[in-house]
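Student: One structure coming up, written as structure tokens, with questions to follow.
Chains as they are written, first to last, in the working numbering: chain A, 14 to 361; chain B, 169 to 451.
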């Protein structure tokens, strides 16, 4: 059974304007880590806030545990949410912050302490009990916010970009930690982020959104390897997928599939183009080559190639080489709808 | 959080202390003046050859005795406390919810309405006391302490609403959202979080409303004529200034007694006010 389900969920902020969220159908499965991914303004946070009950839907239904909860207040939905800002209560100690939801539910003192100890031992923050939020580091605040969310063992966690306030190094470790933590608890989680790395790394399934519409729902592998449309294709992956308008079709291939002489050829059927490298970036483990196709049907079309740094061919800026893409790495999109379409041959 | 920059140079320390001493003297002087005048004999006070900054003769308790026995000073203090408390309660009961509603619920209209409410505070009492005296007589409250209790909230509420709006706005909305997800109603979040988190704002309102009752003159003078109904703000100057005779010693004693507690309260609360209260809540 779906833990959280939305049916044709729509939110319009200004009448007559396009909705912030449009006809979203979503189903999150028991114990699943579902990531809502999209650029800012794509409606992912609005969607999450509607699920939480902090925003009223314009139309459509929200179901939690199979029951329509549209008219229930946040407290009646029995969900837990971690905010981007953490929203810790500044005048309360860490302990009182953590037991706050329990107090609101009328749990007795003994139960409060037991639950708080359980939650904090999972996160390793028992030593912070007496501190005030302002005396904590970013990472500690994030853990306190998390402890406050899990303390009453909700059926659903909603997380709104909880890692975006941490610095890059801490974010990587917090990401891994959060993922392990969710697996251990097994609580159904809906996680909002604009960071594709977080989405790919943590999500069991990823919901890619743009302009209030769900573009694709799938596992990280599915959304990356089999993007449903050009938006998903270019939003995921860094650098983004190369998009080339061919006759009556749009062709796309990932930079890591546009390979220097002698590599792609070994993969069987392929198309090759002369690639004029204009400049390159050395990133340690890999090299990003920027340039344009020279000659042929796609003359002067800008493309990007991404090759492992271990590939030691001489690919100097300004030089021209014959790069190739294996046929199976080519994706095709309809030029009108920009959705995926049938495979064809591409002129080389 | 940025660490506070410490002034370490010689020159810096000197300037810092010069500023401190200057303000301490300027702000402390009125209290010193009230204190010595309270205990100064009239013969000392009116002798131009004496140094006015010190007691030249032995101190006396005559002025205090006069204040407490020959005037209704204690009654006025009592009246002020009574009226002050009720005005503070009325102000808080109306201004706190109003400010919260304006800060949170009415969106773009909130700010405009807030300014509108503040503007009503700017209408001077010298303009309003005539129409308001009609209201007072219609209510049958002439010559009663209740007249000022009814009138003072008309300007304590607008100002306090405006002031509290700022406090509520500075509290991130996320905190309320979190509270509602954590199992409180909006009302519960308001009572359990918003109010405790804006204690300094509420204290400011309490002190503002209370000081106003203590010092207000125009309304208290026009609406109340009986001595036993008056507040300190009117009672003291009307009964200790007779024509061109100023009972300086008793006047200063009265001022000292009423201003000290308020001054002390102010100081206690100042620290709380300055303390960045919501720092660390978000981000």
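Note that beta-carbon positions come from the ideal geometry of N, C-alpha and C, so glycine has one too.
What residue does the beta strand (DSSP E) around residue 255 of chain A start on, and which one ends it?
Tutor: By one-based count along the first chain, residue 255 of chain A stands at place 242. It spans 255 to 259 - the beta strand (DSSP E) in which residue 255 of chain A sits, taken as one unbroken run.
Student: Could you confirm whether any beta carbon from chain B is found closer than 8 Å to the beta carbon of residue 98 of chain A?
Tutor: Here residue 98 of chain A is taken as the residue at index 85 of the first chain, counted from 1. At least one chain B Cβ lies under 8 Å of residue 98 of chain A.
Student: Chain B beta carbons: is any one of them nearer than 8 Å to that of residue 118 of chain A?
Tutor: In the first chain, the residue the question calls residue 118 of chain A occupies position 105. Answer yes: the Cβ-Cβ gap between residue 118 of chain A and chain B drops below 8 Å somewhere.
Student: Starting from residue 114 of chain A, find everything on chain B with Cβ-Cβ shorter than 7 Å and list it in chain order.
Tutor: As a working mapping, residue 114 of chain A is identified with position 101 in the first chain. Those within 7 Å of residue 114 of chain A in chain B are 350 and 351.
Student: Which value, in whole angstroms, describes the spacing of the CA atoms of residue 395 of chain B and residue 403 of chain B?
Tutor: The count along the second chain starts at 1 and reaches residue 395 of chain B at position 227. The count along the second chain starts at 1 and reaches residue 403 of chain B at position 235. Residue 395 of chain B and residue 403 of chain B: Cα-Cα distance of roughly 7 Å.
Student: Could you give the distance in angstroms between the alpha-carbon of residue 67 of chain A and the alpha-carbon of residue 56 of chain A?
Tutor: As a position in the first chain, residue 67 of chain A is number 54, starting the count at 1. As a position in the first chain, residue 56 of chain A is number 43, starting the count at 1. Whole-angstrom Cα-Cα distance: 14 Å.
Student: Could you tell me whether the region 150 to 169 of chain A touches the region 179 to 194 of chain A, where touching means 3 or more Cβ pairs closer than 8 Å?
Tutor: Counting Cβ pairs under 8 Å, three or more are found: they touch.
Student: How is residue 217 of chain B classed by DSSP in three states: helix, strand or coil?
Tutor: Within the second chain, the letter at position 49 stands for residue 217 of chain B. Note: residue 217 of chain B maps to coil in three-state DSSP.
Student: Using three-state DSSP, classify residue 72 of chain A as helix, strand or coil.
Tutor: For the purposes of this step, residue 72 of chain A is identified with residue 59 of the first chain, where counting begins at 1. In the structure shown, residue 72 of chain A sits in a strand (DSSP, three-state: E or B).
Student: Residues of chain B with CB closer than 9 Å to the CB of residue 93 of chain A, please, in chain order.
Tutor: Counting from one through the first chain, the residue named residue 93 of chain A turns up at place 80. Under the 9 Å cutoff, chain B gives 349 and 350.
Student: Please report how far the alpha carbon of residue 169 of chain B lies from the alpha carbon of residue 97 of chain A, in whole angstroms.
Tutor: Your numbering for residue 169 of chain B matches position 1 in the second chain. Your numbering for residue 97 of chain A matches position 84 in the first chain. Because the pLDDT at residue 169 of chain B is just 40, under 50, the model does not fix this residue reliably, and the point stays unresolved.
Student: Could you please tell me which residues of the region 291 to 323 of chain A, in chain order, have their CB closer than 8 Å to any CB of chain B?
Tutor: Here the close residues number zero.
Student: Along the chain, which unbroken stretches of the alpha helix (DSSP H) at least 4 residues long are found entirely within the region 206 to 278 of chain B?
Tutor: List check, alpha helix (DSSP H) in window: 210 to 213, 230 to 238 and 241 to 272.
Student: Helix, strand or coil for residue 321 of chain A? Go by DSSP, reduced to three states.
Tutor: For the purposes of this step, residue 321 of chain A is identified with residue 308 of the first chain, where counting begins at 1. Reduced to three states, the DSSP call for residue 321 of chain A is strand.
Student: Exposed or buried, residue 420 of chain B, counting other C-beta atoms within 10 Å across all chains shown (16 or more means buried)?
Tutor: Within the second chain, residue 420 of chain B is the residue found at index 252, counting from 1. That one is buried.
Student: Within 10 angstroms of its Cβ, does residue 182 of chain B collect 16 or more other Cβ (buried), or is it exposed?
Tutor: On the second chain, residue 182 of chain B is found 14 positions in, with the first residue counted as 1. Burial call: exposed.
Student: Once the 5 residues before and after residue 313 of chain B are set aside, which same chain residues still bring their CB inside 6 Å of it?
Tutor: Taking the second chain and counting its residues from 1, one reaches residue 313 of chain B at position 145. Taken in chain order, the residues that qualify are 247, 251 and 397.
Student: Which residues mark the beginning and the end of the beta strand (DSSP E) in which residue 332 of chain A is found?
Tutor: Numbered from its first residue, the first chain carries residue 332 of chain A at position 319. Note, residue 332 of chain A: premise wrong, no beta strand (DSSP E); not H, not E.
Student: Under a Cβ-count criterion, where at least 16 other Cβ atoms within 10 Å of its own Cβ denotes burial, should residue 127 of chain A be classed as buried or exposed?
Tutor: In the first chain, residue 127 of chain A corresponds to position 114, counting from 1. When all chains shown are included, residue 127 of chain A counts as exposed.
Student: Residues in its own chain within less than 7 Å of residue 278 of chain B by CB, not counting five upstream and five downstream?
Tutor: Taking the second chain and counting its residues from 1, one reaches residue 278 of chain B at position 110. Closer than 7 Å at the Cβ level, and outside the excluded window around residue 278 of chain B, lie 270 and 271.
Student: Counting only the same chain and skipping the five closest in sequence on each side, list residues whose C-beta sits under 7 Å from that of residue 308 of chain A.
Tutor: As a working note, residue 308 of chain A is residue 295 in the first chain. Answer for residue 308 of chain A: 287, listed in chain order.
Student: Does residue 343 of chain B have its Cβ less than 8 Å from a Cβ in chain A?
Tutor: Position 175 of the second chain, counted from the start, is the residue given in the question as residue 343 of chain B. Taking Cβ atoms only, chain A reaches closer than 8 Å to residue 343 of chain B, which makes this a yes.
Student: Using a C-beta to C-beta distance shorter than 8 Å, which residues of chain A count as neighbours of residue 340 of chain B?
Tutor: Stepping through the second chain from its first residue, residue 340 of chain B is reached at position 172. By Cβ distance, chain A contributes 98 and 100.
Student: Provide the residue span of the beta strand (DSSP E) that contains residue 350 of chain A, from first to last.
Tutor: Taking the first chain and counting its residues from 1, one reaches residue 350 of chain A at position 337. Note, residue 350 of chain A: premise wrong, no beta strand (DSSP E); not H, not E.
Student: Of the choices B/415, B/317 and B/303, whose alpha-carbon is the least far from that of residue 377 of chain B?
Tutor: Within the second chain, residue 377 of chain B is the residue found at index 209, counting from 1. It is B/317.
Student: Which chain B residues sit within Cβ distance under 7 Å of residue 87 of chain A?
Tutor: Here residue 87 of chain A is taken as the residue at index 74 of the first chain, counted from 1. Ordered by position in chain B, the residues that pass the 7 Å Cβ test against residue 87 of chain A are 348 and 349.
Student: Taking just the CA atoms, how far does residue 354 of chain A sit from residue 40 of chain A?
Tutor: By one-based count along the first chain, residue 40 of chain A stands at place 27. By one-based count along the first chain, residue 354 of chain A stands at place 341. Cα-Cα distance, rounded: 26 Å.
Student: Answer with yes or no whether the minimum CB distance from residue 65 of chain A to chain B is below 8 Å.
Tutor: Working through the first chain from its first residue, we reach residue 65 of chain A at position 52. By this cut-off, residue 65 of chain A is an interface position.
Student: So what's residue 194 of chain B in DSSP terms, helix, strand or just coil?
Tutor: Along the second chain, one-based indexing puts residue 194 of chain B at 26. Residue 194 of chain B falls in the helix class under three-state DSSP.
Student: Taking the alpha-carbon positions, what's the residue 333 of chain B to residue 168 of chain A distance?
Tutor: For this step, residue 333 of chain B is matched to residue 165 along the second chain. For this step, residue 168 of chain A is matched to residue 155 along the first chain. Their backbone Cα atoms lie some 37 Å apart in a straight line.
Student: Among A/245, A/202, A/269 and A/17, which has the Cα closest to the Cα of residue 209 of chain A?
Tutor: Indexing the first chain from 1 puts residue 209 of chain A at position 196. Residue A/245 is the option with its Cα nearest to residue 209 of chain A.
Student: Have a look at residue 207 of chain A and residue 214 of chain A and give me their C-alpha separation to the nearest angstrom.
Tutor: On the first chain, residue 207 of chain A is found 194 positions in, with the first residue counted as 1. On the first chain, residue 214 of chain A is found 201 positions in, with the first residue counted as 1. Rounded to whole angstroms, residue 207 of chain A to residue 214 of chain A spans 13 Å at the Cα level.
Student: So if DSSP puts residue 227 of chain A in a beta bridge, which residue, or which two residues, is it bridged to?
Tutor: Taking the first residue of the first chain as 1, we reach residue 227 of chain A at position 214. Paired residues: A/222.
Student: Please list, in chain order, all residues of the same chain as residue 401 of chain B whose beta carbon is under 7 Å from its beta carbon, the five residues on each side excluded.
Tutor: Position 233 of the second chain, counted from the first residue, corresponds to residue 401 of chain B. Only 382, 383, 384, 385 and 388 meet the Cβ criterion.
Student: Measuring CA to CA, which of A/258, A/218, A/101 and A/248 is closest to residue 49 of chain A?
Tutor: Within the first chain, the letter at position 36 stands for residue 49 of chain A. The option with the nearest alpha carbon to residue 49 of chain A is A/218.
Student: Which term fits residue 447 of chain B, buried or exposed, when burial requires 16 or more other beta carbons within 10 angstroms of its beta carbon?
Tutor: Against the second chain, residue 447 of chain B aligns to sequence position 279. Because the pLDDT at residue 447 of chain B is just 38, under 50, the model does not fix this residue reliably, and the value given afterwards should be weighed accordingly. Exposed, since its Cβ has fewer than 16 Cβ neighbours within 10 Å.
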